[in-house]
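Every letter in the sequence shown is one number past the one before it in this note's numbering, and letter 78, counting from 1, is 80. C-beta: ideal position from N, C-alpha, C; glycine also. Only a predicted model underlies this, so the values are computations on that prediction, with no experimental measurement involved. The structure under discussion appears below in the form of structure tokens.
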Amino acid sequence: MISAAARLSSRSTFAAIAAVAAALAAPVRATPDREQAIHLDEARSRSSPETKPSVSFAPLSADRPGERIGAANALARIEPDRAGWINAIQQYAYSDGALYQVYAAPGQVTDIALQDGEALVGPGPVAAGDTTRWIIADTVSGSPAARNVHILLKPTRPDIATNLVINTDRRTYHLELRATSATYMAGVSWTYPADQLIALRTAAETLERTRPIAQGIDPAALNFAYAIDGDRPAWRPVRAFDDGRQAYIEFPIGIATGEMPPLFVLGEDSEAELVNYRVQGRFMVVDRLFGKAELRLGGKKGAQRVQIVAGTDQKNRRHRP
């Protein structure tokens with residue numbers, strides 16, 4: 003039998019355990035000191051370098067690259083224009099990176115004509131995205147000295163589309179081919195504004211080289227006994243000469259009027275005197291003769307200087323070559 007003392011001891015033990023459990027379960031009341039400690043711990047946690055702030059990124063739209071590419075392609079597309087038709091041939095003005103639209107139809111051949119003298123280059127110079135449903139071939143016309151390359155294409159069915167890339171020794175063409183049931187373009191060719199501009203500039207330079215400097219000059223009286231010395235800038239004169247009244251300074255081909263430096267005539271004491279002159283093409287015309295002159299461009303320290311010295315050697319008094 004359990005004695006009364008043992009039962010009392012057991013009750014005391016259970017009471018103590020219950021008291022401890024109640025104390026653990028009870029909410030902890032924060033004293034002012036404890037609240038301050040909690041706030042300090044939170045501040046340390048926020049300022050700790052090991053604690054990284056969470057950054058959320060807005061999800062990127064999956065179709066944004068497609069939208070950008072589509073917008074660029076839409077801007078690059080060049081459609082047939084009424085002003086570009088010469089009979090049944092559409093003439094596009096060539097621009098690098100443009101997407102030229104070509105419409106074709108089953109049973110009809112569309113002729114893509116390249117520039118005169120232009121040649122296909124590289125392995126597979128003509129490449130199409132769909133070579134199964136599009137028939138594409140190339141041929142030439144004209145004489146061997148002036149060949150003209152033609153790309154011939156024909157779709158096998160309507161309502162299909164692909165792209166075509168043509169690589170030549172002068173440029174790359176990008177075309178988009180679209181097949182319809184009946185509408186087709188008989189031929190496509192290009193004009194080349196950049197080439198035309200170069201040709202005009204070349205013709206102007208040739209005309210400038212061959213244009214007489216002045217009227218009434220006796221070629222036999224021209225004196226080329228001038229020496230050119232000093233720095234070698236891009237504008238350094240080719241030569242200088244005179245006709246007994248005026249001095250002429252010839253500059254390189256292609257020099258612009260704004261690139262010509264001012265001319266100074268040097269006296270016996272090397273004092274520089276700025277003289278008047280006029281420009282005719284690439285020639286500087288001075289309405290007087292001089293013994294020594296200097297072309298000078300730039301500041302005092304880094305100035306480019308070219309001296310022109312007149313000589314007295316009569317064997318150089320000859321016709322301009």
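Neighbour-count burial assignment, residue i, 16 or more Cβ in a 10 Å radius
i	result
residue 76	exposed
residue 45	Below a pLDDT of 50, predicted positions are generally treated as unreliable, and residue 45, at 48, falls in that range; no measurement from the model is reported.
residue 190	buried
residue 87	exposed
residue 32	Residue placement at residue 32 cannot be trusted, given a pLDDT of 45 that sits under 50; what the coordinates show is reported in the next sentence. The residue in question, residue 32, is exposed, as its Cβ has fewer than 16 Cβ neighbours within 10 Å.
residue 296	buried
residue 166	buried
residue 198	exposed
residue 125	exposed
residue 249	buried
residue 185	exposed
residue 284	buried
residue 157	buried
residue 164	buried
residue 151	buried
residue 155	buried
residue 263	buried
residue 168	buried
Residue interval of the beta strand (DSSP E) (run including residue i)
i	result
residue 241	241–244
residue 136	136–143
residue 191	189–193
residue 129	128–130
residue 285	285–288
residue 277	Here residue 277 belongs to no beta strand (DSSP E), and DSSP marks it neither H nor E.
residue 252	249–252
residue 168	163–169
Which of helix, strand or coil DSSP assigns to residue i
i	result
residue 203	helix
residue 295	strand
residue 181	strand
residue 1	Outside the displayed range of the chain (3 to 323) lies residue 1, so it cannot be described from this structure.
residue 301	coil
residue 308	strand
residue 157	strand
residue 133	coil
residue 256	coil
residue 68	helix
residue 39	Low per-residue confidence applies at residue 39: pLDDT is 45, beneath 50, and the placement is therefore not dependable, though the value from the model is reported in the following sentence. Helix at residue 39.
Residue j beta carbon less than 7 Å from that of residue i
i	j	result
residue 116	residue 178	no
residue 108	residue 159	yes
residue 233	residue 308	yes
residue 266	residue 298	yes
residue 224	residue 243	yes
residue 239	residue 306	no
residue 172	residue 252	no
residue 105	residue 203	no
residue 129	residue 138	no
residue 148	residue 118	yes
residue 170	residue 95	no
residue 222	residue 313	no
residue 92	residue 187	yes
residue 135	residue 153	no
residue 294	residue 311	yes
residue 255	residue 207	yes
residue 237	residue 261	yes
Notebook entry, point to check: Of all the beta strand (DSSP E) runs that stay within the bounds of the stretch 78–124, which reach a length of 3 or more residues?
Noted result: 91–95, 101–106 and 112–115
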